[in-house]
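A.B. asks: Residue numbers (this note's numbering): 584 to 1172.
Glycine included, C-beta positions come from ideal geometry on N, C-alpha and C.
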Amino acid sequence: MTRPTGHPAADTAAPATALRAPAPGWATEADVVVVGSGVAGLTVALRCAAAGAKVTVVTKARLDDGSTRWAQGGIAAALGEGDTPEQHLDDTLVAGAGLCDEQAVRALVTEGPDAVRRLIATGARFDADDTTGEILLTREGGHHRRRIAHAGGDATGAEISRALVEAVRAAGIDTVENALVLDLLKDGSGRAAGVTLHVMGEGRRDGVGAVRADAVVLATGGMGQIFSATTNPAVSTGDGVALALRAGAEVSDLEFVQFHPTVLWLGPEAEGQQPLVSEAVRGEGAHLVDADGVRFMRGQHELAELAPRDIVAKGIMRRIQERGAEHMYLDARHFGAEMWQRRFPTILAACRAHGIDPVTEPIPVAPAAHYASGGVRTDLRGRTTVPGLYACGEVACTGVHGANRLASNSLLEGLVFAERIAADITAGAESAGRERPAGQTRPSAPAASGDAPLLASEARYEIQHIMTHGAGVLRSAESLARAADRLERVQDDALAQLRRDGKTAEPGVETWEATNLHLVARVLVAAALRREETRGCHWREDRPERDDAAWRRHLLVTLRPDGTLDVRSTDSEAFPPSTTPRAETESHP
């Protein structure tokens, strides 16, 4: 399989640095390597394999251990009677606070219903009416209609993951589990040509190796682990965004991190992955209240508890500040035991495991880091600014989410844009033929700079503390500047030790993850400092108003060869072309 046509050479210089790691001790070949095993990655793999491509899926843990399996609420699509893609589009644009790419959203909402039907054909089983067989739909924040399809009550992601993993295994697709991707391989022209990776103890191959491929698809999920408390699993350390930056790709909108409003509050010292209390609980009629039982979201938005997530998170934080409290409450006692057991069994079990019974008492909740609306910038075909490198799912910035993701659009985005990526890769292969062009150079591994230390594993916790206190739900110029300074000191201390003693942290999963987290945190803080307004899920206490005249535009960030960041803004809310013009929706499924 040859490389797809139509990609001009990258105009970004290859970075001078890469993660310090041993040279690859083994290599394998594929047409396409997919990094990640959530809904986005496995959909790309299945579609490419069905078209005859040799696919290798690389995943950091087991195939079913990514963020997809943790998705509770469901997948949004205009499937119900009276609902239309146009109404779904309108709700998405409102939630995105002026920064959605309307072409990308239109592709999402028009292709979404059929993409969900193809997912069902793949084997996913959604909750349906016992009599009619029609898919049951619920409502979540920001949606004016019931359009959220769910499975197992509140276990939608687990069911989607099960169906896709079974399909991948049935298709005989090559998989490498327990493998952390390190850096991008490039050929002599600067085009993506595979990845280096480290396979951990339970994997099929030992140590650092390489997968050489004509197309590389990043589907690595989010970066929630840059904060102390998050709904993301432990594997969500921003590896895909960090790899893309080191490879010379642009990232965008990283300042827009969505904090889910209703995460089970486990105490002020709780760290790591926290239990999510799905927005669907509010969609079914639960109320947000303070300690006195007052519904404080009334009067703040026409949808009250079902306002877009940024508005609800801000409403909770304001009430917490007003009352000098640590959390608010979600009251769904009126559901009764039968509804809790039938509709939200996963949430019920999680609450009870922590000593809270939502059947008889309100649930303590507070916002926690949940979803990155930004990521590696792509066009409508999922192509990044590095030729041959694609991105989809949470690691990508397609323009769909703008400044704030609409609830349950994430699974749909992963599904729709994965299909678009597969169509682009396979169409390019067919038009170019299957033979490798004569004289094409073999890929080479990126070289680690002698001036780029790895961070010690303990740096992870320092980074999380810095980000939680300086770049969390509430931000200001002062808090962000303090975070930027402290992040710089973390890097400077490691660099000083390297220059003084010639020593750096030993290469390994924990030090690679800490180094990736640090890079992603630097980008987020730099962008948040630059954006001097409040918009969507970026809340600046010192700049409380939205400023369309100055800031209805995107911030694009690249990593310079010397390790510094280049932060610049677009001229408008429209993204510039990445590899080809974006106005090409008609030619895609």
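Could you give the first and the last residue of the continuous alpha helix (DSSP H) run that contains residue 688?
C.D. replies: Residue 688 -> alpha helix (DSSP H) spans 685 to 705.
A.B. asks: Only counting the same chain, and skipping five residues up and downstream in sequence, which positions put a Cβ closer than 6 Å to that of residue 705?
C.D. replies: So the qualifying residues of the chain are 746, 750.
A.B. asks: With C-beta atoms as the reference, is residue 600 less than 7 Å away from residue 810?
C.D. replies: Against a cut-off of 7 Å, the Cβ pair of residue 810 and residue 600 comes out as no contact.
A.B. asks: Give the C-beta separation of residue 622 and residue 982 to the nearest angstrom, bearing in mind that I take them to be a contact with Cβ-Cβ under 8 Å.
C.D. replies: Not a contact, Cβ separation roughly 19 Å.
A.B. asks: Tell me, please, whether the region 938 to 949 touches the region 843 to 855 by the rule of three or more beta-carbon pairs shorter than 8 Å.
C.D. replies: The region 938 to 949 is in contact with the region 843 to 855.
A.B. asks: Smallest Cα separation from residue 723: which of 891, 1153, 962?
C.D. replies: Nearest of 891, 1153, 962 to residue 723, Cα basis: 891.
A.B. asks: Hey, residue 952 and residue 823: beta-carbon distance below 7 Å or not?
C.D. replies: Cβ atoms of residue 952 and residue 823: not closer than 7 Å.
A.B. asks: Check residue 1157 in the structure and name its three-state DSSP category.
C.D. replies: In the structure shown, residue 1157 sits in coil (DSSP, three-state: anything other than H, G, I, E or B).
A.B. asks: Contact defined as beta carbons within less than 8 Å: I believe residue 888 pairs with residue 902. What is the distance between those atoms, to the nearest angstrom?
C.D. replies: No, residue 888 and residue 902 are not in contact; Cβ-Cβ is about 12 Å, not under 8 Å.
A.B. asks: Are the region 819 to 836 and the region 1097 to 1109 touching, with three or more C-beta to C-beta distances below 8 Å?
C.D. replies: Touching, yes.
A.B. asks: Under 7 Å, do residue 793 and residue 607 count as touching if we go by C-beta distance?
C.D. replies: Their beta carbons are under 7 Å apart, which means residue 793 touches residue 607 by this criterion.
A.B. asks: Using 7 Å as the threshold, is the C-beta distance between residue 720 and residue 731 below it?
C.D. replies: Yes, they are a contact pair.
A.B. asks: Quick one: grab the DSSP three-state call for residue 897.
C.D. replies: Helix at residue 897.
A.B. asks: Run through DSSP, which three-state label would residue 635 get?
C.D. replies: DSSP places residue 635 in coil when its eight states are reduced to three.
A.B. asks: Within 10 angstroms of its Cβ, does residue 708 collect 16 or more other Cβ (buried), or is it exposed?
C.D. replies: Exposed, since its Cβ has fewer than 16 Cβ neighbours within 10 Å.
A.B. asks: Contact check, residue 636 vs residue 1009 under 8 Å by CB: the rounded distance?
C.D. replies: Between residue 1009 and residue 636 the Cβ distance is about 6 Å, and since that is below 8 Å, they are a contact.
A.B. asks: In three-state DSSP terms, what is residue 934?
C.D. replies: The answer is helix: DSSP assigns residue 934 an H, G or I state.
A.B. asks: Would DSSP call residue 1023 helix, strand or coil?
C.D. replies: Below a pLDDT of 50, predicted positions are generally treated as unreliable, and residue 1023, at 44, falls in that range; the measurement from the model is reported next regardless. Coil at residue 1023, not helix or strand.
A.B. asks: Taking residue 756 and residue 659 to be in contact with their CB atoms under 8 Å, please state how far apart those CB atoms are, rounded to whole angstroms.
C.D. replies: About 28 Å separates the two Cβ atoms, so there is no contact after all.
A.B. asks: Using 10 angstroms around the beta-carbon of residue 876, count the other beta-carbons present and answer buried if the total reaches 16, otherwise exposed.
C.D. replies: Exposed, by the Cβ-count rule.
A.B. asks: What number of angstroms, rounded off, separates the C-alpha of residue 900 from the C-alpha of residue 779?
C.D. replies: One C-alpha to the other measures close to 42 Å.
A.B. asks: Per DSSP, residue 1106 forms a beta bridge with which residues?
C.D. replies: In DSSP, residue 1106 forms no bridge with anything.
A.B. asks: Secondary structure at residue 662, three-state DSSP: helix, strand or coil?
C.D. replies: Three-state result, residue 662: coil.
A.B. asks: If you reduce the DSSP assignment to three classes, tell me which class residue 1050 lands in.
C.D. replies: In the structure shown, residue 1050 sits in a helix (DSSP, three-state: H, G or I).
A.B. asks: Whether or not the region 910 to 924 and the region 868 to 884 are in contact is what I'm after, with contact meaning three or more pairs of Cβ atoms, one per stretch, closer than 8 Å; do they touch?
C.D. replies: Short answer: they touch.
A.B. asks: How far does the alpha helix (DSSP H) with residue 823 in it extend, from its first residue to its last?
C.D. replies: Where residue 823 is concerned, the enclosing alpha helix (DSSP H) stretches over 822 to 829.
A.B. asks: If you follow the alpha helix (DSSP H) that residue 766 is in, where does it begin and where does it stop?
C.D. replies: From DSSP, residue 766 is part of no alpha helix (DSSP H) but of the beta strand (DSSP E) over 762 to 769.
A.B. asks: Going straight from the alpha carbon of residue 734 to that of residue 699, what length do you get?
C.D. replies: Their Cα atoms are separated by approximately 13 Å.
A.B. asks: Between the region 983 to 996 and the region 662 to 682, can you find at least three pairs of beta-carbon atoms closer than 8 Å?
C.D. replies: Taking 8 Å as the limit for Cβ pairs, the verdict is that the region 983 to 996 does touch the region 662 to 682.
A.B. asks: Write down the C-beta distance between residue 1159 and residue 1153 rounded to the nearest angstrom, noting that I regard them as a contact closer than 8 Å.
C.D. replies: Between residue 1153 and residue 1159 the Cβ distance is about 6 Å, and since that is below 8 Å, they are a contact.
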